[in-house]
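This report concerns only the one structure given below.
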Amino acid sequence: MPIMNRESNIFVAGHRGLVGSAIVRKLRAQGGVKLLLRTRNELDLLNQAAVNRFFEDNQVDEVYLAAARVGGIYANSTRQTDFLYENLVIATNVIHAAAEAGVAKLIFFGSSCIYPRMAPQPIKESSLLTGPLEPTNEGYALAKIAGLKLCELYRRQFGKSFISAMPTNLYGPGDNFSAMSSHVIPGLMRRFHQARESGLREVIVWGTGTPLREFLHVDDLAEASLLLMKVYDEDSTINVGSSEEHTISELAEMMKRAVGYEGTIVFDRSKPDGTPRKILDSSRIAALGWKPSRGLQLGLEETYRWALSEGVFLSDRER
């Protein structure tokens with residue numbers, strides 16, 4: 031990667047989202063860069079011509095491709111077409127335009143759902159495309175696989191320094207706390223908060239509580255991302271996880287403590303569990319000197335304090 035004699039122009043695609051906002055915070059704290067940030071109204075990443083013009087009009091040196099349509103089990107399973115189409119188009123538009131514009135380096139963010147449902151645990155990067163995907167988020171996973179393969183093939187065919195990182199389940203400031211489309215941690219946090227505020231005696235959690243999950247604070251991912259942009263330059267995607275796993279039941283108990291809820295947790299076994307176990311083998315990024323700085327309990331408590339300060343649990347009328 032060439033050394034810049036000026037401040038690097040960095041485009042963070044999806045800078046208002048969970049991952050993008052964390053990367054922006056880290057880049058601003060680091061200094062020495064010029065951030066190119068566009069809202070969806072200013073730059074529609076689904077519009078190929080608009081994306082091409084953006085790269086033609088701006089001397090972009092680096093790209094953090096964090097823009098995506100995301101959601102939890104319910105959203106993923108009921109809107110598969112939306113998740114496949116929009117994420118596929120965003121990836122192809124940005125990666126292609128970056129290649130045509132001569133961008134020095136790009137990092138694409140995938141998801142651990144790209145790996146087969148029954149992949150050996152912990153999941154190594156070599157497990158990619160070795161078995162069937164989890165049916166409830168197949169559309170999203172296929173789009174992410176296409177994006178990382180596009181980065182890989184641009185590298186092989188044209189020598190582009192395009193890399194991809196596969197984070198585990200993320201949470202933290204900037205997350206989506208919607209009741210219908212959130213991931214497990216913000217969704218649970220909202221339910222426990224509302225139960226505490228309303229004095230409810232129990233909180234219902236989907237599934238059996240037995241699936242094992244790995245969680246990573248988004249600020250830890252941001253630190254890993256900046257490191258990868260500096261030192262990682264290989265074909266293969268690279269996993270980024272905490273290397274700690276908890277059952278959904280354990281997560282619910284930790285959430286109960288973080289929120290200060292005193293009622294009972296009830297599991298609705300009629301609802302889907304999703305993948306039985308999912309933890310990434312993050313030994314390759316650990317070998318680069320990175321490790322997460324937050325345990326899950328501390329991270330949940332920090333996230334809850336942020337959510338309260340931002341009023342994310344308030345209705346539109348209350349804000």
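If you're matching positions, the sequence shown starts at 31 in the numbering used here and goes up one per residue. Just so it is clear, CB atoms sit at the ideal spot from N, CA and C, and this is done for glycine as well. A quick note: this is a predicted structure, and the numbers were derived from the prediction, not measured.
When the beta-carbon positions are compared, residue 319 and residue 248 stay at least 8 Å from each other.
Inclusion of residue 200 and residue 81 in the CB contact set at 8 Å is not warranted, their separation being larger than that value. Of all C-beta pairs linking the segment 262-279 to the segment 310-329, three or more are shorter than 8 Å, placing the two stretches in contact. In terms of Cβ geometry, residue 285 and residue 219 form a close pair [threshold 8 Å]. Runs of the alpha helix (DSSP H) lying entirely within the segment 230-272, each at least 4 residues long, are 248-261 in chain order.
Cβ-Cβ distances below 6 Å link residue 307 to 151, 242 in the same chain, with the five nearest sequence neighbours on each side left out; the list follows chain order. For residue 226, same chain residues with a beta-carbon under 7 Å away, outside a window of 5 residues either side, are 289, 290, 291 in chain order. DSSP links residue 312 through a beta bridge to no other residue. DSSP, read as helix, strand or coil, puts residue 343 in coil.
Judged by DSSP in its simplified three-state form, residue 280 adopts helix.
Boundaries of the alpha helix (DSSP H) harbouring residue 175: 168-188, taken from the DSSP string. Counting along the chain, the unbroken beta strand (DSSP E) around residue 43 starts and ends at 38-43. In this structure, DSSP gives residue 148 a state outside helix and strand, which the three-state scheme calls coil. Per the Cβ contact rule, the segment 153-160 is not in contact with the segment 105-122 (fewer than 3 Cβ pairs under 8 Å). Restricting attention to 164, 326, 258, the CA atom closest to the CA of residue 317 is found in 258. In the three-state scheme derived from DSSP, where H, G and I count as helix and E and B as strand, residue 322 is classed as coil. Distances from the alpha-carbon of residue 279 to those of 214, 169, 47 put 214 closest.
Per DSSP, the continuous beta strand (DSSP E) segment holding residue 194 begins and ends at 192-197. Under DSSP, residue 294 takes part in a beta bridge, and its partners are 232. In this structure, residue 44 keeps its C-beta atom at 8 Å or more from the C-beta atom of residue 121. Between the alpha carbons of residue 142 and residue 173 lies a distance of about 13 Å.
With a threshold of 16 other beta carbon atoms within 10 Å, residue 267 meets it and is buried.
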